[in-house]
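Engineer: Mind the numbering: the sequence shown is residues 2 to 176 in our numbering, read in order. Quick reminder that beta carbons are idealized off the backbone N, C-alpha and C, glycines included. Dropping a structure here in structure tokens format, bear with me for questions.
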Amino acid sequence: VFCSGEALPRETAHAFARVLPGVELHNLYGPTEAAVDVTHHACDPADGGPVPIGRPVWNTRLHVLDAALRPCPPGVPGELFLAGRQLADGYLGRPGLTAARFVADPFGPPGSRMYRTGDLARWTGRGEVEYLGRTDHQVKLRGQRIELGEIEAALTAQDGVDGACALVREDRPGE
């Protein structure tokens, strides 16, 4: 069974192992801008702690970088960047956003690019990556990316609105 699209809680992985003993559970990660799934982790029911997003798949490189685009050592959080042939060319009709998110790859061959995911991550001592959250105010709701700041800006642009705060509320676990 493959899980992708949202962070996989450890308790969900443990419950899966209890309900379906002997069935493999795999955690995948990847944004649309990089052909969806670019990492892989085979879950071990005996493991504890956060479920890693894993190691890069073939033809993919992962970089966890600080604000100066220097590699972070294992255990130190930084922004996750993706590199490799599977990257999109950019955003159709949005050259500014393309330039901001698809940046020169100082670790690859000349002319190569990497994608700035906006995701906070860190390398583990086992050579895998753990997803830690977002570096911005982007959230996912039922698989759709939402920029809460854009919602707030649209609301405050309306006459009579002095301030706004957008958030995602979970009424029931998982919803």
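Tell me the rounded alpha-carbon separation between N11 and L149.
Structural biologist: Residue 11 sits at position 10 when you count from the first residue of the sequence shown. Residue 149 sits at position 148 when you count from the first residue of the sequence shown. Sequence inspection shows Arg at residue 11; the Asn mentioned does not correspond to that position. When rounded, the distance between both Cα atoms is 27 Å.
Engineer: Is F17 helix, strand or coil when you go by DSSP?
Structural biologist: One-based indexing of the sequence shown puts residue 17 at position 16. Three-state result, F17: helix.
Engineer: Identify the residues that DSSP records as bridge partners of P72: which are they?
Structural biologist: For the purposes of this step, residue 72 is taken as the residue at position 71 of the sequence shown. P72 pairs with L66.
Engineer: To the nearest angstrom, how far is the alpha carbon of G23 from that of V52?
Structural biologist: Your numbering for residue 23 matches position 22 in the sequence shown. Your numbering for residue 52 matches position 51 in the sequence shown. Cα to Cα, the separation comes out at about 18 Å.
Engineer: Would you kindly work out how many angstroms separate the C-alpha atoms of A80 and R86, rounded to a whole number?
Structural biologist: If you number the sequence shown from 1, residue 80 lands on position 79. If you number the sequence shown from 1, residue 86 lands on position 85. In the sequence under discussion, the amino acid at residue 80 is Glu, which differs from the Ala named in the question. When rounded, the distance between both Cα atoms is 20 Å.
Engineer: Under a three-way DSSP split, which group does L156 fall into?
Structural biologist: Reading the sequence shown from its first residue, position 155 is the one you call residue 156. Here L156 sits in helix by DSSP.
Engineer: Inspect the beta-carbon positions of P78 and R123 and report whether they are closer than 8 Å.
Structural biologist: By one-based count along the sequence shown, residue 78 stands at place 77. By one-based count along the sequence shown, residue 123 stands at place 122. Yes; because the gap between Cβ atoms is below 8 Å, this pair is in contact.
Engineer: Exposed or buried, A35, counting other C-beta atoms within 10 Å across all chains shown (16 or more means buried)?
Structural biologist: Stepping through the sequence shown from its first residue, residue 35 is reached at position 34. The residue in question, A35, is buried, as its Cβ has 16 or more Cβ neighbours within 10 Å.
Engineer: Could you give the residue range of the alpha helix (DSSP H) that holds A100?
Structural biologist: Along the sequence shown, read from residue 1 onward, the residue named residue 100 stands at position 99. Looking at the DSSP string, the run of the alpha helix (DSSP H) that includes A100 is 96-102.
Engineer: If we count Cβ pairs, one from each stretch, closer than 8 Å, do we get three or more for the stretch 91-105 versus the stretch 115-130?
Structural biologist: Enough Cβ pairs lie closer than 8 Å, so yes.
Engineer: So, at 8 Å on beta carbons, what are the nonlocal neighbours of T157 in its own chain, with the 5 sequence-adjacent residues on each side left out?
Structural biologist: As a position in the sequence shown, residue 157 is number 156, starting the count at 1. Excluding positions up to five away in sequence, the list reads D163, G164, A165.
Engineer: So, with DSSP's three-state summary, where would you put E34?
Structural biologist: Numbered from its first residue, the sequence shown carries residue 34 at position 33. Here E34 sits in helix by DSSP.
Engineer: Which residues share a DSSP beta bridge with A89?
Structural biologist: Locating residue 89 in the sequence shown gives position 88, where the first residue counts as 1. Answer is none; A89 lacks a bridge partner.
Engineer: Checking 8 Å against the spacing of the C-beta atoms, do P57 and T33 come in under that value?
Structural biologist: Within the sequence shown, residue 57 is the residue found at index 56, counting from 1. Within the sequence shown, residue 33 is the residue found at index 32, counting from 1. Result no, Cβ atoms of P57 and T33 do not sit closer than 8 Å.
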